[in-house]
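Participant: Okay, so the sequence shown: first residue is 1 according to full-length UniProt numbering, each after it adds one.
We treat Cβ as the ideally placed atom computed from N, Cα and C, and that holds for glycine.
Computed from a predicted model, the values in this text were never measured in an experiment.
Quick one: the structure is below, questions incoming.
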Amino acid sequence: MPTTCSAHRCTNRAKSGSNIHFFRFPLSDAERLKGWLNAIGRIGFVPNAGSRLCSDHFERSDFYDNPGGSYKLTLKNYAIPSVFEPSVHSTLLPTKLFSNEPQKKKKM
């Protein structure tokens, strides 16, 4: 089975020569796992040992510096994915729900 990203709407797959890296869900760290699951926002998703997230969903600061220039990226122990496209749901909501201006009262 090919390695694919578990993030909603992400189509990244493992390919030779690609600069995209894949990371296992932290199944043995309940607090960190909760953060990852909240971040990806997939309702009802239960990760297993084969579930992965790709490097596109992490900030550069989430990785250890690699002064040797080796190909392997290593996530910091506290890294939580934070880079995602806006969800379909957020694009469907009316923008005035998010406006800071007070709404005018309707006259009856």
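#1: Below 8 angstroms on the Cβ atoms is my guess for P26 versus L53; work out the distance and round it to an integer in Å.
#2: On the premise that F63 lies in contact with residue 112, defined as a C-beta separation below 8 angstroms, what is that separation, rounded to the nearest angstrom?
#3: What would DSSP say about G33, mapped onto helix, strand or coil?
#4: Got a sec? Which residues, its chain only, sit under 8 angstroms from L93 by beta carbon, not counting five neighbours each side?
#5: Please give the ranges of any beta strand (DSSP E) in the UniProt domain "THAP-type" (1-84), keeping only runs that are unbroken, at least 3 residues long and fully inside the region.
#6: What's the call for F45, buried or exposed, on a 16-neighbour Cβ count within 10 Å?
#7: Can you round the beta-carbon distance between A79 and F58 to whole angstroms, since I take them to be within the 8 angstroms contact cut?
Facilitator: Concretely, from the data shown:
#1: Rounded, the Cβ-Cβ distance is 10 angstroms, inconsistent with contact.
#2: Outside the displayed range of the chain (1 to 108) lies residue 112, so it cannot be described from this structure.
#3: Going by the sequence as given, residue 33 is Leu instead of Gly. Of the three classes helix, strand and coil, the one that applies to L33 here is helix, per DSSP.
#4: Here L93 scores only 43 on pLDDT, less than 50, and its place in the model is too uncertain to base an answer on.
#5: 22-24 and 52-54
#6: With a threshold of 16 other beta carbon atoms within 10 Å, F45 falls short and is exposed.
#7: 6 angstroms
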